[in-house]
Amino acid sequence: MQLTSLYLLAAWSALALASLNLGSNDGVNQSEFRMGFILPRQQSRTNLQVFSGALGGAGASAITNSGDPERPFAVDGDTFNDFDTAANRACDNQKNLCADLANNGGGAFEVGDCDQQTEECKSSASSATVREFEGPAAAAPPVLSGTVAACIKCLEGIALAGLSLLLTESGGF
């Protein structure tokens, strides 16, 4: 009975660790058990775009973290070294989409309306209060060393062995 208790304790511990999803590098931070937690670092914004206007459905592009500390701001695949330049590109890209829609009859608005929206977009960007990411890799999940990842896999194996033994002893198999 003491051996079963030891296996149950090991199984519970391993499942608790697995539910924290410490061995995942997929960025979702959620295990197959649909358990997980969000660390304060991971609660940082991943899109710094503040403008929500979208004439004809053409919204301003996201301003995301490129992961490059020299050029941390990314807009539609292009990277920038400062927020203002990235925000201007996002607003300009939105204007181009909006103007295409206006010129092709995709909405009940004209290119002049797109110009006005662009000014509003750039004004929103210039008054944005959050203008940087928290660290150069804020959008990237942490990478664990092989030792920690191997330890977690080992504990998962112990948990499965303990569960198997428990089910065998109880006649569950």
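Residues -18 to -1, 1 to 155, numbered by mature numbering (1 follows the signal peptide of the UniProt record, and there is no 0), are exactly what the sequence shown covers, in order. Built from N, CA and C at the ideal position, the CB exists for glycine as well.
Helix or strand or just coil, what does DSSP make of residue i?
{"i": "residue 28", "result": "coil"}
Have a look at the options and flag the residue whose alpha-carbon is nearest the alpha-carbon of residue i.
{"i": "residue 72", "options": "107, 48, 38 and 95", "result": "107"}
{"i": "residue 53", "options": "97, 66 and 42", "result": "66"}
{"i": "residue 32", "options": "51, 70, 60 and 62", "result": "70"}
{"i": "residue 42", "options": "58, 50, 51 and 28", "result": "58"}
{"i": "residue 29", "options": "94, 56 and 61", "result": "56"}
{"i": "residue 97", "options": "111, 109 and 74", "result": "74"}
What residues in its chain sit with their C-beta under 7 angstroms from that of residue i, if we drop five residues either side in the sequence?
{"i": "residue 40", "result": "76, 79, 80 and 83"}
{"i": "residue 63", "result": "52 and 53"}
{"i": "residue 61", "result": "48, 50, 53 and 55"}
Who are the Cβ neighbours of residue i in its own chain at under 6 angstroms, not counting the five residues just before and after it?
{"i": "residue 113", "result": "65"}
{"i": "residue 93", "result": "81 and 84"}
Here's a check: name, in chain order, each residue in its chain whose Cβ is nearer than 8 angstroms to the Cβ of residue i, leaving out the five neighbours to either side.
{"i": "residue 99", "result": "35, 37, 76, 77 and 80"}
Self-check item: Ordered list of beta strand (DSSP E) runs contained in the segment 35 to 107, each at least 3 residues
Solution: 55 to 57 and 60 to 62
Quiz item: Can you find at least 3 beta carbon pairs, one from the segment 88 to 105 and one from the segment 44 to 51, that sit closer than 8 angstroms?
Solution: no
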